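The next block holds one structure in the form of structure tokens; read it before the comments.
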Amino acid sequence: MRVAFVALETALHVDSEANRRLKRLAEDLAARGHDVCVFCAKWWTGDMAEWEHEDVVYRGLVDECESERKFRYALPIAVRKFGAEVVHAAGRPPKQVSAAKKAARVARAPLVTDWYGDCDEYGRAHRKALQKSDRVVTPSEMVRTHAWEHGASEDAVDVVPNSIDFDLLQSVEPREVADVVYARRLDAGANLESVLLALAELRQVDWSAVVIGDGPERAAYEQQARDLRIDDRITWLGECDREQRVAVYRGAHVFAQTAHECRFATELLWALACGCIGIVEYHADSSAHELLVRRDAEFDRGFRTTSEQELADAISEAAGMERLAVDDRFAEFDRREILERYLQCYREEMESVGLF
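Position one of the sequence shown corresponds to residue 725 (the numbering used here), numbered consecutively onward.
Below, the structure written as structure tokens:
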């Protein structure tokens, strides 16, 4: 299968969850033997029009991400020359989706748009992008609802979550750093204070906590921990790579997810698969609870809370639950399983235009 990705900006330009998601998919497709080309702005120097990374070909149509209009004009011809059977566009910037639609028509291929929902507000360009896509893929039910509300037809939107790597997970040795883990960029939306206040309620209980991540609010959170007189029981690890995070998750007992906004709770998913008990503080702009709600009938290692007191109670209750280092029930999120869901989506759309 020949898959053309349309992404003016890639994870090799800017590291974001949405960009990492598409990069991982492109690399997984290439590893499976599919021909993958990412049409983008150049992220390399020199005169070369193409660059290969992890078996994925990156074709630079413009020199800089600021040249969006030039990129859109060059796209249809480039995709036709590649002979794409599927065109897969990133949702940002939204105007590139309309250009991707033109490219898909020229190539007589379907357009699949990966819609991460990472926009401050929906405008005309976003609605147009959703309406022009043959299939829209979102990471969570929350983002799917937003897509429906802003122009996507109900039968054109699929939820395909972010993936994790079970082989990696099982190869990393547990590292017993703390009982309770929090992991996220420490910015204005982190809401780490909920965890700190809950832990302060449990001063008389024997617990330890670790915070993974860095950001502009780290100093303020460290000061809050000192003010609450719990700083001596918290380890601040800062930024950690995936192997380091997995090692901590496998050795921990509880993962707390309290961020105000979250389109997909990737770190929570990793922690749940590593055997952690998940505690999610509900927020209207967070999809984190979906990882627990959708398993109500079978999943007995998660709590949903709405206040610091409920969070503290959940931590106390979790202390009496079994410790695990892996939970095979989350194998459905393995990158091989997620790749199959994308391939099924491609096949269905190719069949609809007579290509499969």
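Where a beta carbon is used, it is the ideal one built from N, C-alpha and C, also for glycine.
Bear in mind the structure is a predicted one, so any value in this text is a computation, not a measurement.
Discussion item. Taking the alpha-carbon of D938 as reference, which of A813, R957, I1062 and G913 has the nearest alpha-carbon?
Written reply: Selected option, being the one with the closest Cα: G913.
- Query: Going by the beta-carbon positions, is the gap between C1069 and V919 smaller than 8 Å?
  - Reply: Contact flag unset, no.
**Study point:** Spatial neighbours of D1020 in its chain, beta-carbon cut-off 6 Å, leaving aside the 5 residues before and after
**Key:** Residue placement at D1020 is poorly supported in this model, since its pLDDT is 45, which falls under 50; the coordinates still yield a value, given next. Around D1020: no qualifying Cβ.
*asked:* Taking DSSP's pairing of strands, which residues face V934 in a bridge?
replied: V934 is bridged to V905 and T959.
Note to self: Classify A1008: buried if its beta carbon has 16 or more other beta carbons within 10 angstroms, exposed otherwise.
What the structure shows: Per the 10 Å Cβ criterion, exposed.
So, for R1060: in the same chain, excluding its five sequence neighbours on each side, which residues have a beta-carbon less than 6 Å away from its beta-carbon?
Non-local beta-carbon contacts of R1060 in its own chain, meaning distances under 6 Å to residues more than five positions away in sequence, are absent.
I'd like to know if the region 890-901 and the region 965-977 are in contact, where contact means that at least 3 CB-CB pairs between them fall below 8 Å. Touching, yes.
ask   = If you draw a straight line from the alpha carbon of L996 to that of D771, how long is it in whole angstroms?
value = Between L996 and D771, the C-alpha separation is close to 46 Å.
- Task: Look at V727 and H812 and say whether their C-beta atoms are less than 8 Å apart.
- Result: For V727 and H812, yes; Cβs fall inside 8 Å.
- Query: When the Cα atoms are used, what is the spatial distance from E778 to R957?
  - Reply: Each residue's alpha carbon lies about 41 Å from the other.
Quiz item: Can you name, in chain order, every residue of its own chain whose Cβ lies under 7 Å from the Cβ of A971, other than the five neighbours on each side?
Solution: Excluding positions up to five away in sequence, the list reads V896, E897, P898 and R899.
message: My output table needs one value for I1039: the three-state DSSP class, helix, strand or coil.
response: I1039: helix per DSSP, three-state reduction.
- Task: Given a cut-off of 8 Å, decide if E1014 and E873 are closer than it, judged by their beta-carbon atoms.
- Result: Cβ distance not < 8 Å, so E873 and E1014 don't count as in contact.
- Item | F988, DSSP secondary structure in three states | DSSP places F988 in the coil class of the three-state scheme, outside both helix and strand.
With a cut-off of 8 Å on the beta carbons, I'd call A833 and P800 a contact; round off their distance for me. At roughly 11 Å, the Cβ-Cβ gap does not stay under 8 Å, so A833 and P800 are not in contact.
Problem set entry | Enclosing beta strand (DSSP E) for C789 [first to last residue] | Neither: C789 is in no beta strand (DSSP E) and is coded neither H nor E.
- prompt: If you compare alpha carbons, which of Q981, D1052, D759 and E790 is closest to G1109?
  reply: Examination of residue 1109 is not possible in this model, given that the chain is present from 725 through 1080 alone.
Return the CA-CA distance between N886 and L854, expressed in angstroms with no decimal places.
C-alpha of N886 to C-alpha of L854: approximately 20 Å in a straight line.
Q: Kindly indicate which three-state DSSP category G1002 falls into: helix, strand or coil?
A: G1002: strand per DSSP, three-state reduction.
**Asked** Is the beta carbon of L921 less than 8 Å from the beta carbon of S1040?
**Response** No; because the gap between Cβ atoms is not below 8 Å, this pair is not in contact.
Please report the straight-line C-alpha distance between V760 and L1048, rounded to a whole angstrom. Answer to the nearest angstrom: the Cα atoms are 38 Å apart.
- Leaving out five residues before and five after A902 in sequence, what residues of the same chain have Cβ atoms less than 7 Å from its Cβ? Cβ within range, chain order: S932, A933, V934, T959 and A976.
(request) Would you mind working out which of G1026, P940 and I1062 sits nearest E1046, comparing C-alpha positions? (result) Its Cα nearest to that of E1046, the residue G1026 stands out among G1026, P940 and I1062.
task = Determine the burial state of D844: buried for a count of at least 16 other Cβ atoms within 10 Å of its Cβ, exposed for fewer.
result = Classified as exposed, D844 has fewer than 16 neighbouring CB atoms from the shown chains inside 10 Å of its CB.
In angstroms with no decimal places, state the Cα-to-Cα distance between E991 and V821. E991 and V821 have their alpha carbons spaced roughly 29 Å apart.
Let me know the secondary structure DSSP gives H777 once reduced to three states. Taken through DSSP and simplified to helix, strand or coil, H777 comes out as strand.
Next item on the list: Quick one: using the 10 Å Cβ neighbour count with 16 as the cut-off for buried, is Q947 buried or exposed?
Entry: Exposed: under 16 other Cβ atoms inside 10 Å.
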